[in-house]
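The structure under discussion appears below in the form of structure tokens.
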Amino acid sequence: MSTPVLHTRLPAVGTTVFSLMSALASEHGAVNLGQGFPDFACEPALLDHVDAAMRAGHNQYPMMTGMPALREAIAAKIAAVYGAHYNAATEITVTAGATQALTTAILCCVHPGDEVIVIEPAYDSYLPAITLAGGVPVPVAMELGEHGYTVPWEQVAAAVTPRTRLIVINTPHNPTGSILRAADLRALSDIVRGSDILILSDEVYEHMVYDGERHESVCRYPELAERSFVVSSFGKTYHVTGWKIGYVAAPASLMAEFRKVHQYNVFSVNTPMQHGLATYMADPAPYRDLPAFYQRKRDLFRDGLKGSRFTLLPADGTYFQCVKYEAISPILESDFAQWLTTDIKVAAIPVSAFYSQGRESGIVRFCFAKKDETLRLALERLARL
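Sequential numbering of the sequence shown, starting at 2, is according to this note's numbering.
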């Protein structure tokens, strides 16, 4: 007997670069600044709230849409921060992380043959989700100039066809660390006005924007919010990426379709952690203070690289720092990242991995969401270059 041949739904997908580089870092004892997660703990108060919820017996299935108190806390936060009002009962859904939220949003609205515009470099889950939905990804590459990465909105407009169903945006942007500003949101509004195009706005780094800039959520723009799925992540905001809890905000008609897929995808999300988060969110300080917390780490990392031959690109948001390495080596990004990991003992991610066609720019990405001692050890090694 033999196992039947299974024809893959995702022929272009293999092991992710994040898994490969993390394994390489572990094998060679490298400081892992590749994969985007903190190496420090969350606040003990959050753990206490979750523990209390478990001991109080909140350990069975919650509502499919998420615990009401948490959805109400999310809606209140969005209103307080962005001035947008979502109905907690019909327009907020708690998800098993942001990646599940992104995939579910794509699956609920993209039909076979629909085109989806994706700004590249792009988070690696977008294209597989579009492929699973039967959609056609239409990549538009960001431009890199003296002020960092920017979106060429005229090219986005040119990519729109009668088959365009969805535009995926990400701000603050992974991997580049760039942010969209008010002019960008106005340009996007001009493109979609009068159309049936939907927007999927990946805003998981919403509270990591620096130097006095503000996060331009689509929630701030009613003309965009009325056609948008807005995704965020408790894991990113509260340093608990392994909890895999996020949420989506969208108008009721869009959310109704989202929930149809969500219901048969994961159905519901970890109950005691929802209770713990709902209690913890009563205090806005943890997310209000996050920009200053990460800006200090960003500045520590950037200052430590000033004496090296790396060229620092702007890092206006997220917890990522991209650097050019052309003064160090002419080799391909994946080869350079492997060399950094095996020889210099610091792991990074090649930005080429975030393009559908592996576009080379001579740039790698570091993650600075690490303890100060971790960053200093990495800088000690990188400063030699």
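The C-beta atom is built at its ideal place from N, Cα and C for all residues, glycine as well.
For the ligand GDP, any of its heavy atoms closer than 7 angstroms to the Cβ of residue i?
i	result
MET2	With respect to the ligand GDP, the structure shown offers nothing to examine, as it has no ligands at all.
Starting from residue i and walking both ways along the alpha helix (DSSP H), at which residues does that stretch end?
i	result
ARG382	373-383
TYR295	291-306
SER190	183-193
GLN275	272-281
PRO223	223-226
LEU21	18-29
ASP336	334-340
LEU255	253-264
CYS368	First-last for CYS368: 364-368, but that is the beta strand (DSSP E), not the alpha helix (DSSP H).
Given this structure, state the Cα-to-Cα distance separating residue i from residue j, to the nearest angstrom.
i	j	result
THR242	MET2	43 angstroms
ILE1	ALA160	A question about residue 1 goes unanswered here, because the residues of the chain that appear run from 2 up to 386.
ALA31	ILE345	8 angstroms
ASP191	SER357	27 angstroms
ALA54	ILE75	19 angstroms
PRO223	ALA85	8 angstroms
GLU121	SER27	29 angstroms
ALA379	GLN322	13 angstroms
VAL6	PRO12	14 angstroms
ASP203	GLY308	34 angstroms
PRO315	HIS148	7 angstroms
VAL14	TYR87	36 angstroms
ASP125	ALA57	39 angstroms
GLY195	VAL82	28 angstroms
VAL270	ILE332	44 angstroms
ARG187	ALA80	21 angstroms
GLY247	HIS216	18 angstroms
So the candidates are the options; which of them puts its Cα closest to the Cα of residue i?
i	options	result
VAL18	ALA99, VAL232, ALA76, ALA349	ALA349
GLU155	ALA184, ARG260, THR177, ARG164	ALA184
GLY318	GLU73, PRO173, GLN101	PRO173
VAL157	ILE200, TYR320, GLU73, GLY146	ILE200
ARG366	PHE355, VAL270, GLY359, GLU214	PHE355
PRO1	PHE230, ASN266, LYS245, LYS261	The displayed coordinates of the chain run from 2 to 386. Any statement about residue 1 would go beyond what the structure contains.
PHE259	PHE38, GLY277, ALA188, LEU108	LEU108
THR272	ALA283, TRP244, GLN264	TRP244
ILE168	VAL205, ALA77, VAL219	VAL219
LEU21	SER335, GLU361, ARG360, LEU386	SER335
ARG10	HIS59, TYR127, ALA134, TYR150	ALA134
ALA226	HIS240, MET274, PRO113, LEU255	LEU255
ASP197	CYS110, GLY277, TYR206	CYS110
MET64	GLU374, GLN264, CYS43, LEU278	GLN264
PRO129	LEU145, VAL152, HIS276, THR105	THR105
TYR211	ALA188, ARG182, ARG221	ARG182
ARG377	VAL267, THR4, GLU207, LEU34	LEU34
ILE170	LEU189, PRO163, ARG164	LEU189
LEU103	SER362, CYS368, VAL262, GLU361	VAL262
HIS50	ILE364, GLY277, GLU361	GLY277
VAL232	THR165, GLY213, TYR206	TYR206
ALA250	VAL152, SER362, ARG72, CYS368	ARG72
HIS59	ALA90, PRO351, GLN275, ARG228	GLN275
THR408	ALA89, ALA80, LEU48	The structure shown does not extend to residue 408, since the chain is modelled only from 2 through 386, so no value can be given for it.
PHE369	ALA257, GLY363, PHE38	PHE38
VAL352	GLU44, CYS43, LEU145, HIS8	LEU145
What residues in its chain sit with their C-beta under 8 angstroms from that of residue i, if we drop five residues either side in the sequence?
i	result
GLU381	none
ALA46	TYR281
MET209	PRO173, LYS237, LEU291, PRO292, TYR295, GLY318, THR319, TYR320
LYS78	MET282, PRO285, TYR288
PHE311	VAL324, LYS325, TYR326, ALA328, ILE329, LEU383, LEU386
HIS29	THR342, THR343, LYS346
SER23	ASN33, GLY35, GLN36, ALA348
Here's a check: name, in chain order, each residue in its chain whose Cβ is nearer than 6 angstroms to the Cβ of residue i, leaving out the five neighbours to either side.
i	result
LYS372	ASP40, PHE41
TYR150	MET143, THR177, SER179
Considering just the uninterrupted stretch of the beta strand (DSSP E) at residue i, what are its terminal residues?
i	result
PRO138	137-142
GLU121	116-121
ILE411	No answer is possible for residue 411: the residues shown for the chain start at 2 and end at 386.
ALA323	Checking the displayed sequence, the identity of residue 323 turns out to be Cys instead of Ala. It spans 321-325 - the beta strand (DSSP E) in which CYS323 sits, taken as one unbroken run.
ILE168	165-171
GLY247	247-250
Between which residues of its own chain and residue i is the CB-CB distance below 7 angstroms, once the five residues before and five after are set aside?
i	result
THR375	VAL32, ASP40
VAL267	ALA97, GLN101
Inset, instruction - Flag this pair as touching only if the region 133-142 and the region 108-119 have three or more C-beta atom pairs under 8 angstroms; answer yes or no. - result: The region 108-119 and the region 133-142 touch, with three or more beta-carbon pairs separated by less than 8 angstroms.
Inset, instruction - Tell me, please, whether the region 91-108 touches the region 290-300 by the rule of three or more beta-carbon pairs shorter than 8 angstroms. - result: Segment contact: the region 91-108 against the region 290-300, fewer than three CB-CB distances shorter than 8 angstroms; contact not assigned.
Inset, instruction - Would you check if there are 3 or more beta carbon pairs closer than 8 angstroms linking the region 231-238 to the region 328-341? - result: Segments in contact, no.
Inset, instruction - For the region 300-309 and the region 98-115, state whether three or more C-beta atom pairs, one from each stretch, are separated by less than 8 angstroms. - result: In the pairwise beta carbon analysis, the region 300-309 is classified as not touching the region 98-115: fewer than three pairs are separated by under 8 angstroms.
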